[in-house]
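Counting from 1, one number per residue, gives the positions in the sequence shown under the numbering used here.
Backbone N, C-alpha and C fix where the C-beta goes; we use that ideal spot for every residue, glycine too.
Everything below concerns the one structure shown next.
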Amino acid sequence: MVILLENNATEQQIENVVKHLEDYGFQIHKSTGVQRTIIGAIGVKPNFDTRKIKILDGVSDVYRVTAPYKLASKSFKEEKSIFDIKAVKIGDNEIAMMIGPCSVESEDQIFRLAEVVAKSGAKILRGGAFKPRSSPYSFQGMGVEGLKLMRKAADEFGLLVITEVMQISQIELIYEYADIFQIGARNMQNFALLTEIGKTDKPCMIKRGLSGTIEEWLMSAEYLLSNGNSMVMLCERGIRTFEPYTRNTFDVSAIPMVHKKSHLPVIADPSHATGLRDQVAPMARAAVAAGADGLMIEIHHDPENALSDGPQALLPDQYLQLVEELRMIATAIGRTL
Ligand code: PEP
Ligand code: MN
1 MVILLENNAT
11 EQQIENVVKH
21 LEDYGFQIHK
31 STGVQRTIIG
41 AIGVKPNFDT
51 RKIKILDGVS
61 DVYRVTAPYK
71 LASKSFKEEK
81 SIFDIKAVKI
91 GDNEIAMMIG
101 PCSVESEDQI
111 FRLAEVVAKS
121 GAKILRGGAF
131 KPRSSPYSFQ
141 GMGVEGLKLM
151 RKAADEFGLL
161 VITEVMQISQ
171 IELIYEYADI
181 FQIGARNMQN
191 FALLTEIGKT
201 DKPCMIKRGL
211 SGTIEEWLMS
221 AEYLLSNGNS
231 MVMLCERGIR
241 TFEPYTRNTF
251 DVSAIPMVHK
261 KSHLPVIADP
271 SHATGLRDQV
281 APMARAAVAA
291 GADGLMIEIH
301 HDPENALSDG
311 PQALLPDQYL
321 QLVEELRMIA
331 TAIGRTL
């Protein structure tokens with residue numbers, strides 16, 4: 001941690017800052033310049049609240065030099081994490097495709113779409129059974145019936161299942177039907193839920209919160225890792241900015257940034273990131289080029305009548321065409337899809 005004192009900080013104020021730091025257990029390196037004094041505070045305290053120093057008289061700024069996340073960091077584990085989920089690898093050279101409808105709507109719908117998913121070579125079926133909707137009047141998902149249908153369709157076509165778990169009381173039920181838990185954007189900082197998922201042995205994908213910084217997102221992963229679940233992946237799904245033309249703003253730079261800071265796989269979701277069908281393919285291509293370890297994409301055979309997120313769903317043919325393009329990009333960067 002680096003502490004910058006104000007230009008006019010008095011000797012007494014500087015001494016007071018030093019005393020506080022020493023009391024907190026830091027080793028001090030003081031550099032007295034002509035204009036101002038800078039203090040380097042050394043000590044492995046990843047969770048130290050820098051505000052304790054920031055509020056002291058005479059302090060101008062405090063900078064943290066070590067990250068607050070530990071188990072998610074590259075310094076803890078240099079090589080990329082690769083998860084083997086029933087022989088499907090995530091984080092390896094092959095880009096993992098998680099494809100399906102926003103919501104499971106009927107047996108016919110999920111079977112038709114699972115067939116498209118399998119035909120494309122993708123190995124993971126996505127679909128919501130418990131839906132986090134902005135309006136309580138919107139379709140809330142089929143619940144347990146949706147889970148059963150998705151499992152049945154996935155088994156029929158040899159696919160894995162990823163689905164969202166919204167609350168602690170759903171963990172046991174969803175554990176039975178899904179291969180990967182999904183923590184939705186709205187629950188990225190539901191620490192009680194993260195803690196409980198961390199105690200299970202099922203892989204989990206954490207979507208980035210609507211206003212989540214990359215550091216906060218990695219701290220959410222840390223909740224799972226520190227509770228014993230090492231199979232954590234992250235999903236960039238767009239963040240809220242001032243731009244209204246797209247539903248969210250796809251932060252493509254989050255992909256290489258997470259790879260720089262962490263060993264965990266990063267999935268990209270261009271569907272929720274843009275909210276518009278015609279924007280999904282360009283952003284999916286960008287995500288693969290940026291090094292995403294997987295893609296989550298929503299598809300629907302009748303988007304006009306979809307019960308949720310129809311405007312962002314690709315038609316099966318559009319999706320199959322996109323997969324061809326993505327394969328070329330993957331090849332160009334030495335990956336497969
Ligand atoms: C979803 O994937 O169905 C979903 C609700 O996404 P998000 O949490 O990113 O909004
Ligand atoms: Mn959706």
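Status (buried if at least 16 other CB within 10 Å, exposed otherwise) for residue i
i, result
"Q170", "buried"
"I55", "exposed"
"Y63", "exposed"
"M328", "exposed"
"P136", "exposed"
"H29", "exposed"
"E369", "The structure shown does not extend to residue 369, since the chain spans only 1 to 337, so no value can be given for it."
"T10", "exposed"
"K207", "buried"
"T200", "buried"
"Y245", "exposed"
"I46", "Before going further, note that residue 46 is Pro rather than Ile in the sequence given. Exposed, because fewer than 16 other Cβ atoms sit within 10 Å of the Cβ of P46."
"G238", "buried"
"G228", "exposed"
"G158", "exposed"
"R151", "buried"
"K131", "buried"
"E243", "exposed"
"I333", "exposed"
"S31", "exposed"
"S73", "buried"
"A268", "buried"
"A292", "buried"
"E298", "buried"
"E105", "buried"
Distance CB(residue i)-CB(residue j) smaller than 7 Å
i, j, result
"P303", "G310", "yes"
"Y223", "L194", "yes"
"V280", "L314", "yes"
"I214", "A254", "yes"
"A284", "P270", "yes"
"I124", "L160", "yes"
"A330", "L337", "yes"
"G141", "G128", "yes"
"F26", "G43", "yes"
"G275", "R247", "yes"
"R126", "M296", "yes"
"S81", "G91", "yes"
"I356", "R335", "Residue numbering for the chain in the displayed model covers 1 to 337; residue 356 lies beyond these limits and cannot be assessed."
"P101", "H263", "no"
"A114", "A153", "yes"
"L218", "Y24", "no"
"D149", "I99", "For the sequence presented, residue 149 should be read as Leu rather than Asp. The answer is no: Cβ separation not under 7 Å."
"P316", "V117", "no"
Candidates the options, of which the one nearest residue i by Cα
i, options, result
"Q189", "K70, R327, G212, L173", "G212"
"P282", "G40, K45, R112, V252", "V252"
"D61", "A67, D155, I3, K45", "I3"
"F250", "Y177, A286, K261", "A286"
"G146", "E216, S134, S103, A268", "S103"
"R186", "E6, A87, S220", "S220"
"Q167", "G184, D155, D179", "G184"
"S308", "R133, V258, H259, L234", "R133"
"F181", "S226, M233, L149, V144", "M233"
"I162", "E216, I333, E115, M97", "M97"
"K77", "V323, D317, K261", "K261"
"A273", "Q312, A154, E216, N8", "Q312"
"L173", "Y69, D278, H20, K202", "K202"
"R51", "G33, H20, E324", "H20"
"N8", "V59, M1, A178", "V59"
"S138", "A306, S230, A118", "A306"
"C204", "E164, E216, T241, R240", "E164"
"L5", "L149, Q109, R36, N16", "R36"
"V258", "T241, R240, E216, D49", "E216"
"A67", "K148, F83, M1", "M1"
"I85", "E325, S106, M231", "M231"
heavy atom of ligand 2 below 6 Å from residue i C-beta
i, result
"D309", "yes"
"C235", "no"
"C204", "no"
Residue i Cβ short of 6 Å to ligand 1 heavy atom set
i, result
"A129", "no"
"H272", "yes"
"G184", "yes"
"K86", "no"
"K207", "yes"
Heavy atom of ligand 4 within 6 Å of residue i beta-carbon
i, result
"A287", "Judged by which ligands are present, ligand 4 is missing from the structure shown, whose ligands are ligand 1 and ligand 2."
key: Residue ranges of each beta strand (DSSP E) within the segment 230-307, 3 or longer   = 232-236, 266-268, 294-298
request  = Return the chain-ordered ranges of every beta strand (DSSP E) run that is complete within the segment 110-166 and spans a minimum of 3 residues.
outcome  = 124-126, 160-164
Segments of 4+ residues assigned as alpha helix (DSSP H) that fall wholly inside the segment 185-209 = 191-198
key: Residue ranges of each alpha helix (DSSP H) within the segment 5-71, 4 or longer   = 11-23, 51-54
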